[in-house]
Every structure is written in structure tokens, then in C-alpha cells.
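First to last, the sequence lines map onto chains A and B. Position one of the first sequence corresponds to residue 1 (this note's numbering), numbered consecutively onward. Position one of the second sequence corresponds to residue 1001 (this note's numbering), numbered consecutively onward. A quick write-up on the structure given underneath.
Protein chains: 2
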Amino acid sequence: MTKIKESSTYNANREIVLQECPVTYVMNKIGGHWKPIILYHLLSGSKRYSEIKRAMPHISEKMLIQHLKQLENDNLLTREAKPVVPPYVTYTLTESGKELDSVIKAMSMWAFKDMKRNRVEEPVC
Amino acid sequence: MTKIKESSTYNANREIVLQECPVTYVMNKIGGHWKPIILYHLLSGSKRYSEIKRAMPHISEKMLIQHLKQLENDNLLTREAKPVVPPYVTYTLTESGKELDSVIKAMSMWAFKDMKRNRVEEPVC
DNA sequence: CAGCATCCGCAAGGATACTG
DNA sequence: CAGTATCCTTGCGGATGCTG
Chain A
1 MTKIKESSTY NANREIVLQE CPVTYVMNKI GGHWKPIILY HLLSGSKRYS EIKRAMPHIS
61 EKMLIQHLKQ LENDNLLTRE AKPVVPPYVT YTLTESGKEL DSVIKAMSMW AFKDMKRNRV
121 EEPVC
Chain B
1001 MTKIKESSTY NANREIVLQE CPVTYVMNKI GGHWKPIILY HLLSGSKRYS EIKRAMPHIS
1061 EKMLIQHLKQ LENDNLLTRE AKPVVPPYVT YTLTESGKEL DSVIKAMSMW AFKDMKRNRV
1121 EEPVC
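This is the structure:
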């Protein structure tokens, strides 16, 4: 998307109205196919890199690392590397990240209801 | 992503465990940057095409139409075209779509909290 | 084990012009 | 007004090989 700093529209009285949008804020942080799934797995507790990878067999290593970094930069999780051989790296949700459980849980509940309504199977991660 | 029908991992007892994931189900329906934002705008009631467009100045027409179609195919909204000139088309959430308000509201609430925590402005749609 | 570097194909998405 | 159609670019994301 072309980066636009400001954007405007008009209300019925032809006054300029900035369209503010909390959902856009969320999508900028956890948008994309994989991020909510990563968060979903970390909600049950800190996990090692290999554990997350095993839990998400469909994601490539490149994408997993990339998204973990972005989530770290956005302060949703922290990365802790123990200085041992072989490496031992764990990822843990921050307070911000943990609070996303309300979003993830709402997603899960809706999913179960909708899958039942449409009589479909739950997909693999 | 390469399409893989089945995928497996193992638990501590070396039993095969399928990783099922409700979040993946949700992301398959409302993943991508724009869909949750479209839903957000429709939660306040049915809207004409032009109203949605005006509310989302950053999305291109092509993307908007494309995502509206996909949401319609996924039974999250319905499209109703009045046979008049000029055309009058309204988009309305289905029952499934309306039930996503729990997800969208959880997103919004988290956004407000996180924006306050990080002292940032609310972005434009 | 937990990554990083590089190459590269392809599809998502932008820009533009046209229409019932 | 509410879209289609077409072209074209960008960058997502896969594949592969290497490393502290």
C-alpha cells in the first residue's frame, strides 16, 4: 500500500472527518496469516523456537523467524536466548501480548460456532 | 503456501497428533489486512458500496470489490442490488458476520488500551 | 538448535481506462 | 453509481545452502 500520512473524507455538512480506526491499529500489529496463530500457541505459555515450529508445520522457517522478530519489535513478545550449546531460545508473551488473549479467544469461539454451523472440519495450523 | 492436506507431529508418547487450530479457520475467512476493517464498518449497519469506500480511503476499488466478493462467498455478508439507475447496492452482514462483532470488539478494546500504553495516535483506516 | 543469506517465481495489489 | 478489464510492478514467501 502506498504510504499516506493523512487522509480525509467529508460528513453530511462537508466538514473534513478523519477516519480513525482501532481495527487498523490491530491489523498493523497482528495482521497477516501467521501472527495470530503464533500468538495462539504462545498463550499457553512460553515456548522454545522448535516447539513453535513443530506446532506450525505449514509455516516456513523464514516466515516464522520474520514474524517472531516483528512481534518482538511490536512489543508483543520477548526473546530470551540462553548462552549454551546447543542454543536454547524461548519466546514469551509480554503483557500486551497476553492481553490479546481476549481477541484470540473471541476468534476461537467464533470458529467453533461457525464450523459447527457449516459442518466443516477444523483445519490444521 | 504449498497446500498440504494432512500434517502431523508427535506428543511425548510418540503418538501422532494432528494440530487443529481454530485461529487458522478464522484467518482463512477474515485474514488479510482489509477484511476485518470492512466488517468493522458494516457492524454499525448495512452500507452502500460508496459509503464503505468513503470510510476506507486507503483501499483501492479493486481490493474492496475483491474482498467484498470473498466475504460474500464465505457467507459473512450479503449483497443486494436494487435494479435502478443509478445503481444502488447495499452490503449487509449475515448472522455469521454479525457474530464476529465479539472478535472486532475485542480487537478495538485491545487497540485502545495498547495505544494508550504506547502513547500513539489512532491510525486512519 | 536456532537461526541468516541469497536467489527467484509468482501472485497480490496498484494504476488506468472503460461500461451497464 | 458500482463496478470490469487490462497491464504492470512490487514484494511475499518458498527453496536452498551455510553458521555460531
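Note that CB positions come from ideal geometry on N, CA and C, so glycine has one too.
Chain B contact for residue i (CB, 7 Å cutoff)
i, result
"C125/A", "yes"
"T24/A", "yes"
"K3/A", "Note that K3/A has pLDDT 31, beneath the 50 cutoff, so the model's placement of it is unreliable and the number below is only indicative. Answer no: the Cβ-Cβ gap between K3/A and chain B never drops below 7 Å."
"M63/A", "no"
"G45/A", "no"
"S108/A", "yes"
"E51/A", "no"
"H67/A", "no"
"E20/A", "yes"
"E122/A", "yes"
7 Å Cβ cutoff met for residue i and residue j
i, j, result
"T90/A", "S44/A", "no"
"P1022/B", "A111/A", "yes"
"G31/A", "H1058/B", "no"
"Y40/A", "I104/A", "yes"
"E20/A", "E1095/B", "no"
"S1108/B", "A106/A", "no"
"D1074/B", "K1113/B", "no"
Terminal residues of the alpha helix (DSSP H) in which residue i lies
i, result
"T1024/B", "P1022 to I1030"
"L1071/B", "E1061 to N1073"
"G1045/B", "It is not in any alpha helix (DSSP H) - G1045/B carries neither H nor E in the DSSP assignment."
Cβ neighbour criterion (16 or more within 10 Å) applied to residue i
i, result
"S60/A", "exposed"
"S8/A", "Only weak support is given to the placement of S8/A: the predicted model assigns it a pLDDT of 43, under 50, and the value that follows is read from those uncertain coordinates. Label assigned to S8/A: exposed."
"V26/A", "buried"
"I65/A", "exposed"
"K1116/B", "exposed"
"P36/A", "buried"
Short CB-CB distance (under 7 Å) between residue i and chain A
i, result
"I1016/B", "At I1016/B, the pLDDT of 41 sits below 50, so the modelled position is not reliable and the matter cannot be decided from this model."
"G1097/B", "no"
"D1114/B", "yes"
"P1036/B", "yes"
"L1077/B", "no"
"V1084/B", "no"
"L1093/B", "no"
"E1072/B", "no"
"Y1088/B", "no"
Start-to-end residues for the beta strand (DSSP E) that takes in residue i
i, result
"R1119/B", "Taken as a continuous stretch (DSSP letters only), R1119/B belongs to no beta strand (DSSP E), as it is neither H nor E."
"L1039/B", "Premise fails: L1039/B lies in the alpha helix (DSSP H), K1035 to L1042, not in any beta strand (DSSP E)."
"I1089/B", "Inspection of the sequence shows that residue 1089/B is occupied by Val rather than by Ile. Unbroken beta strand (DSSP E) run through V1089/B: Y1088 to L1093."
"L1077/B", "L1077 to K1082"
For residue j and residue i, believed in contact at Cβ under 8 Å, the rounded distance
i, j, result
"L1068/B", "L1093/B", "Not really, about 12 Å apart at Cβ, beyond 8 Å."
"C1125/B", "M1056/B", "5 Å"
The ligand ATP heavy atom lying under 6 Å from the CB of residue i
i, result
"G97/A", "In terms of ligand content, the structure shown is empty, and the ligand ATP therefore cannot be addressed."
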